[in-house]
Every structure is written in C-alpha cells, then in structure tokens.
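Residue numbers (UniProt numbering): 1 to 289.
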C-alpha cells in the first residue's frame with residue numbers, strides 16, 4: 001500500500017482541496033437545486049408505468065430497500081445503480097432516470113438505497129452496497145433478473161461504491177463468485193478517498209487516513225478485473241477528473257471516457273439518452289457480458 005501520507009492532492013492547501021472536490025460549491029446553489037429537480041423529475045418519468053418491483057428489502061440487517069425496474073418476460077441483464085451524494089444525501093427515488101432507456105434496450109435496472117452518513121459508517125455503507133449485489137445474485141431470478149449478467153455503476157460517491165464492488169476479497173465470504181460483477185461503469189468516481197479526510201465531507205464520514213486507505217478501490221487487490229468504462233465530465237471538479245485519470249491505468253481492463261460539455265451532475269443524466277455516447281457505452285457494456 002502507498003505511504004498513507006502520500007496521496008493525490010496531499011500537497012494542496014485545504015482551500016485548494018475544497019475547490020477540487022466541492023462540486024456543489026462549483027455549481028452554485030441555484031444550479032445545484034435545478035439539477036436535483038431534474039434528477040427527481042427524470043426518475044419519476046422514467047419509471048411511470050414501467051414494470052418492476054419497487055421497495056424490496058435487500059438487507060435484513062439494515063432494513064434498506066431497492067427498486068427493480070424494467071423487467072420483461074425473460075430474465076434480463078441488470079444494471080445496479082448506486083447513487084451519489086457524498087455518502088450523505090440523495091436516495092433511490094431520484095436515481096432511476098436511466099430505467100426507461102434500459103428497459104427499451106432489454107436491460108433491467110436495480111436502484112438500492114443505503115443508510116446515509118453520519119448515521120452509518122462508510123464501512124457499513126460499503127457493506128450495504130455489496131449486499132445489494134449479493135441480493136441480485138441470490139434473488140434476481142425471482143424478479144426477472146439474470147444473476148449471471150450483473151453490471152454495477154454509480155455516480156460520485158456511488159462511483160466509489162462501484163469501485164468497492166469491483167475489487168476482490170468480499171465475494172467469497174458472501175458465497176459469491178469472484179466475477180459476480182461482470183462489468184462496471186463508475187461516474188466521477190472516488191478511487192483513492194484519502195483526500196476526503198481534509199474536505200468538508202469528513203464532518204459526516206469521519207475518516208482517518210488509515211480507514212480511508214482501507215476503503216480506497218485504487219489501493220485494494222483486484223485479482224479479477226471486470227471490463228469497465230470510467231466516465232467523467234469535461235467540466236467536472238478537478239479532483240474527480242484526477243481520480244478517474246489516476247485509476248484508469250491501474251484498472252487495465254477499463255476504458256476512460258471524458259465527456260465534452262458535461263459536468264459532475266449532468267454527465268450521469270446522459271444514461272437516459274440511448275443516442276448519447278454514455279448511453280451507447282452502457283448498452284454496449286451490458287450486451288458484452
């Protein structure tokens with residue numbers, strides 16, 4: 001493992017780190033509120049009338065639930081989307097905007113909730129994200145999902161959680177195959193989260209450097225490397241762009257997509273558009289597994 005004190009951006013001041021990782025500050029309150037309204041409106045429209053199974057408890061320990069959308073008459077490959085919000089905001093209710101597009105392409109969507117910080121530790125949030133994948137593998141067939149064709153994606157903090165399902169070491173204790181996640185698409189992911197120890201988010205997640213390193217996908221072993229597309233917007237926060245560019249060469253089964261004209265919040269909304277580069281990349285990724 002890298003020296004705990006030698007991490008991307010460790011030489012920056014606290015103000016410079018905040019500029020790099022505080023994308024809400026970069027967007028400004030008015031634009032941020034508009035984005036959140038778009039997330040909700042697009043998600044509600046996407047699942048209106050869509051076949052599915054909402055509100056299923058996937059983790060008995062926490063009682064957290066997930067929604068299944070876009071099922072068909074036969075088992076469908078499934079995209080598990082882990083929402084962002086810096087582990088302390090948002091929910092599955094505003095995170096299903098891709099469900100209609102994927103349904104039309106023959107793909108189901110699963111969107112889990114997880115307990116938010118500071119109520120839950122980041123270790124517990126990671127456990128829940130992995131538990132949602134385990135639920136799909138064990139119970140997916142009962143709900144029209146193909147357990148052998150699971151693709152995981154997520155935005156921002158959800159990109160970090162996606163990374164934590166891509167690495168090794170957690171599957172066997174849950175009775176899962178090492179390749180349970182067949183492919184992945186993290187958006188604006190956080191792959192080395194040690195910078196978080198010095199930005200405002202740490203007031204909620206309360207990490208020290210040792211715990212942050214232990215929860216960083218870039219620092220964890222990955223004996224099986226699934227195909228992946230790492231996505232970020234050209235106008236994303238500098239810290240998030242640096243994270244994807246850093247992780248890309250370390251994940252030798254991955255492609256890097258920097259999307260022109262998109263920022264931290266709208267790049268993931270392209271998942272709702274089958275004609276966008278992002279939408280096409282996801283459909284191609286799912287069809288290849």
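Using N, Cα and C, we set each Cβ at its ideal position, and we do this for glycine too. Just so it is clear, the structure is predicted and the values come from calculations on it, not from any experiment.
Pairwise C-alpha distance: residue 85 and residue 200: 13 Å
In DSSP terms, what residue 67 is bridged to: The partner list for residue 67 (beta bridge, DSSP) reads 111.
Distance CB(residue 154)-CB(residue 102) smaller than 8 Å: no
Those residues which DSSP pairs with residue 255 across a bridge: 229
Any 3 or more C-beta pairs closer than 8 Å across the stretch 119-133 and the stretch 231-243: Not touching, per the Cβ criterion.
Identified DSSP bridge partners for residue 150: Paired residues: 78.
With 16 other Cβ atoms within 10 Å as the buried cut-off, status of residue 59: buried
Contact between the stretch 108-117 and the stretch 86-98 (3+ Cβ pairs under 8 Å): yes
Option in 197, 168, 145, 281 with minimal Cα separation from residue 12: 197
Proximity below 8 Å, CB of residue 205 to CB of residue 133: no
Residue 257 to residue 230 span [Cα, whole Å]: The straight-line gap from Cα to Cα measures roughly 6 Å.
Beta-bridge pairing of residue 199 - partner residues as DSSP gives them: Residue 199 is not bridged to any residue.
Alpha helix (DSSP H) segments (min. 4 residues) lying fully within the stretch 86-139: 99-104, 122-139
According to DSSP, residues forming a beta bridge with residue 57: 65
Assumed close pair residue 286, residue 77 - CB separation to whole angstroms, cut-off 8 Å: 5 Å
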